[in-house]
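Below is one structure, written out as structure tokens; comments come after it.
Chains as they are written, first to last, in this note's numbering: chain W, 16 to 126; chain G, 13 to 130.
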């Protein structure tokens with residue numbers, strides 16, 4: 016990808032379990048964002064964390080950011096079937112205003 | 013606001029033909045991005061505009077690709093001539109600058125145009 020990588024590439028868990036996805040990036044950033052994409056649809060913004068923040072919560076979502084390791088994680092708690100989608104991290108460069116996406120994690124929730 | 017609107021939703025064209033994809037960003041947004049998504053290469057940033065001015069087109073794959081933003085409410089991505097390897101889903105997204113920090117915030121995406129070149 017142009018900026019970073021996500022792992023795992025695919026994740027399958029049982030409904031009710033927690034899902035954790037990781038993202039690594041390459042250069043200094045102003046903020047990092049997570050998006051969800053349902054099959055055949057556009058991306059939808061989930062949460063944004065700024066470079067001076069370490070953790071952020073939104074409903075069942077928890078995002079952490081470690082700028083020293085250039086990495087972030089997205090935790091979805093108590094997963095539901097409707098959470099089945101691809102999840103992407105995106106970074107806003109410090110030196111520009113472009114938003115660059117990672118390779119994505121395909122999450123499948125088994126009923 | 014109806015969100016970012018892209019047209020057409022699907023386009024099938026023959027190799028060598030000109031293709032024009034259209035985008036209407038959300039009113040009041042300062043930034044407009046064009047992305048291309050394929051299984052092999054993921055989501056690639058092709059070009060982005062700030063206040064209708066192209067800022068970075070380093071992601072445009074070849075001279076066959078061009079993009080314009082004649083005004084704040086309209087942008088086009090043109091491929092001429094098209095080739096089968098251009099087949100992909102093309103997304104337009106818009107964003108705005110957070111006044112306090114002067115940095116772009118979340119991007120709002122259109123539903124995409126699925127382009128098939130045969």
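For every residue, glycine included, the Cβ atom is placed at its ideal position computed from N, Cα and C. Note that the structure is predicted; figures quoted are calculated from it, not measured.
task = With DSSP collapsed to three states, give me the class of residue 98/W.
result = In the first chain, the residue the question calls residue 98/W occupies position 83. Looking at residue 98/W - three-state DSSP - the assignment turns out to be helix.
message = Against chain G, does residue 113/W count as a neighbour if the rule is that its beta carbon must be under 9 Å from one of theirs?
response = Your numbering for residue 113/W matches position 98 in the first chain. Interface residue, yes.
request  = Look at the alpha carbon of residue 62/G and the alpha carbon of residue 113/W, and state the distance between them as a whole number of angstroms.
outcome  = One-based indexing of the second chain puts residue 62/G at position 50. One-based indexing of the first chain puts residue 113/W at position 98. About 10 Å.
message = Please classify residue 37/G as buried or exposed, where buried requires at least 16 neighbouring CB atoms within 10 angstroms.
response = Position 25 of the second chain holds residue 37/G. So residue 37/G counts as buried.
request  = Starting from residue 67/G, follow the beta strand (DSSP E) in both directions and report where the run begins and ends.
outcome  = Position 55 of the second chain holds residue 67/G. Unbroken beta strand (DSSP E) run through residue 67/G: 65–68.
ask   = Whose Cβ in chain G lies nearer than 8 Å to the Cβ of residue 60/W?
value = The residue labelled residue 60/W in the question sits at position 45 within the first chain. Contact of residue 60/W with chain G by beta-carbon distance below 8 Å involves 118, 119, 120.
ask   = Going along chain G in order, which residues have a C-beta closer than 7 Å to the C-beta of residue 89/W?
value = Here residue 89/W corresponds to residue number 74 of the first chain, with the count starting at 1. Those within 7 Å of residue 89/W in chain G number zero; the least Cβ separation is about 15 Å.
ask   = Pick from 48/G, 39/G, 43/G: whose alpha carbon is nearest that of residue 33/G?
value = If you number the second chain from 1, residue 33/G lands on position 21. With distances taken between Cα atoms, residue 33/G lies closest to 48/G.
task = In angstroms with no decimal places, state the Cα-to-Cα distance between residue 55/G and residue 79/G.
result = Counting from 1 along the second chain, the entry for residue 55/G is found at position 43. Counting from 1 along the second chain, the entry for residue 79/G is found at position 67. For residue 55/G and residue 79/G, the distance between alpha carbons rounds to 18 Å.
key: Selection from 124/G, 119/G, 23/G that minimises the alpha carbon distance to residue 109/G   = Within the second chain, residue 109/G is the residue found at index 97, counting from 1. It is 119/G.
ask   = With C-beta atoms as the reference, is residue 140/W less than 9 Å away from residue 76/W?
value = Since the first and last residues shown for chain W are 16 and 126, residue 140/W lies out of range.
task = Measure the CB-CB distance between residue 84/W and residue 39/W and report whether it falls below 9 Å.
result = Translated into the one-based positions of the first chain, residue 84/W becomes position 69. Translated into the one-based positions of the first chain, residue 39/W becomes position 24. Going by C-beta atoms, residue 84/W is nearer than 9 Å to residue 39/W.
ask   = How is residue 65/W classed by DSSP in three states: helix, strand or coil?
value = Within the first chain, numbered from 1, the residue matching residue 65/W stands at position 50. Strand at residue 65/W.
request  = Locate the beta strand (DSSP E) running through residue 84/G, then write down its first and last residues.
outcome  = In the second chain, residue 84/G corresponds to position 72, counting from 1. Note, residue 84/G: premise wrong, no beta strand (DSSP E); not H, not E.
task = Return the CA-CA distance between residue 66/W and residue 66/G, expressed in angstroms with no decimal places.
result = Working through the first chain from its first residue, we reach residue 66/W at position 51. Working through the second chain from its first residue, we reach residue 66/G at position 54. Looking at the backbone, the Cα of residue 66/W and that of residue 66/G are separated by about 26 Å.
task = Please determine if the region 43–54 of chain W and the region 100–109 of chain W are in contact, where contact requires at least 3 C-beta pairs separated by less than 8 Å.
result = yes
query = Looking only at C-alpha atoms, which of 75/G, 59/G, 126/G sits nearest to residue 69/G?
reply = Position 57 of the second chain, counted from the start, is the residue given in the question as residue 69/G. Checked all of 75/G, 59/G, 126/G; the closest Cα to residue 69/G is 59/G.
ask   = Leaving out five residues before and five after residue 131/G in sequence, what residues of the same chain have Cβ atoms less than 6 Å from its Cβ?
value = Chain G is shown only over 13 to 130; residue 131/G falls outside these bounds and no answer can be derived.
task = State yes or no: is the beta carbon of residue 77/W nearer than 9 Å to at least one beta carbon in chain G?
result = In the first chain, counting from the first residue as 1, residue 77/W sits at position 62. Not an interface residue.
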